[in-house]
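Student:
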Amino acid sequence: EDKVVQSPLSLVVHEGDTVTLNCSYEVTNFRSLLWYKQEKKAPTFLFMLTSSGIEKKSGRLSSILDKKELFSILNITATQTGDSAVYLCAVLQGAQKLVFGQGTRLTINP
Amino acid sequence: DSGVTQTPKHLITATGQRVTLRCSPRSGDLSVYWYQQSLDQGLQFLIQYYNGEERAKGNILERFSAQQFPDLHSELNLSSLELGDSALYFCASSDWTGWGDTQYFGPGTRLTVL
Chain Y
1 EDKVVQSPLS LVVHEGDTVT LNCSYEVTNF RSLLWYKQEK KAPTFLFMLT SSGIEKKSGR
61 LSSILDKKEL FSILNITATQ TGDSAVYLCA VLQGAQKLVF GQGTRLTINP
Chain A
1 DSGVTQTPKH LITATGQRVT LRCSPRSGDL SVYWYQQSLD QGLQFLIQYY NGEERAKGNI
61 LERFSAQQFP DLHSELNLSS LELGDSALYF CASSDWTGWG DTQYFGPGTR LTVL
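Note that the protein sequences, when read in sequence, are chains Y and A. Residue 1 is where the first sequence starts when you use the working numbering, and the numbers rise one by one after that. Residue 1 is where the second sequence starts when you use the working numbering, and the numbers rise one by one after that.
1. Applying a beta-carbon distance threshold of less than 7 Å, which residues of chain A neighbour Y:Phe45?
2. CB-CB under 6 Å to A:Ser65, same chain, minus the five flanking residues each way: which ones, in chain order?
3. Shorter than 8 Å from the beta carbon of Y:Gly53 to some beta carbon of chain A?
4. Cβ atoms of A:Gln17 and A:Leu81: under 8 Å apart, would you say?
5. Does the separation of the CB atoms of A:Ala92 and A:Gly106 fall below 8 Å?
6. List, in order along the chain, the chain Y residues whose C-beta lies closer than 7 Å to that of A:Ala56?
7. Quick one: give me the first and last residue of the beta strand (DSSP E) that Y:Val19 is part of.
8. In three-state terms, what does DSSP make of Y:Asp83?
9. Cβ closer than 8 Å: which chain Y residues qualify as neighbours of A:Pro107?
10. In whole angstroms, what is the alpha-carbon distance linking Y:Asp83 and Y:Ala42?
11. Mind listing the chain Y neighbours of A:Gly42? Cutoff is C-beta to C-beta under 9 Å, in chain order.
12. With DSSP collapsed to three states, give me the class of A:Gly52.
13. When the distance is taken between beta carbons, is Y:Val99 closer than 8 Å to Y:Val4?
14. Is the Cβ of Y:Leu65 closer than 8 Å to any Cβ of chain A?
15. Does DSSP put A:Asp101 in a helix, a strand or coil?
Encoded structure:
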């Protein structure tokens, strides 16, 4: 059965800390891995990773994929209260459906 | 704002009823996806349409159906509603060149079945 597992499920840190969110997967017909941020409603796109070992960066966020070990990490440095959200990892399967993990609920305290 | 629109934002109905959720994809996107998000199941893929044709099916119940119209908007029909159908329903779109394009999500419709 296809599955995407995220850890931790919940994380509480102080503003300014650096966090690492993990995502491991076992999905047939892997195409790419995507990270989304979900605050109140719609997941908003962060990164799409297709190639192993190539880091994607956007400001304080970065992500990398390891296709051999079947995992990805999302790093957030110098966290801010606005980073509080649920972070979703998803694997694009066969260029069609996204298989989502359970999400990591990140809370940043001032 | 992703460019994907969904209506209505909220829907409250009774068990046994039928509802229709509507989605307009981003301009230029030919592919529409429907997902269900419930507290216990997380985000689950329901169905994909590409340029009017069904392309992939996930864990969609037989009571649910969808279609994509010539103007590319899509509708998800949910019938014989049960309490367990209460969830957030998201539509996403991509231009799906066949190599896994990013899916952009709409704001969702929150369905409450009483």
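Note that beta-carbon positions come from the ideal geometry of N, C-alpha and C, so glycine has one too.
Tutor: Working from what's here:
1. Thr102 and Tyr104
2. Asn77
3. no
4. yes
5. Result yes, Cβ atoms of A:Ala92 and A:Gly106 sit closer than 8 Å.
6. Gln96 and Lys97
7. Val19 to Glu26
8. helix
9. Lys41 and Ala42
10. 15 Å
11. Leu88, Phe100, Gly101, Gln102 and Gly103
12. Residue state, collapsed to three classes: coil.
13. Taking 8 Å as the cut-off, the Cβ atoms of Y:Val4 and Y:Val99 count as close.
14. no
15. coil
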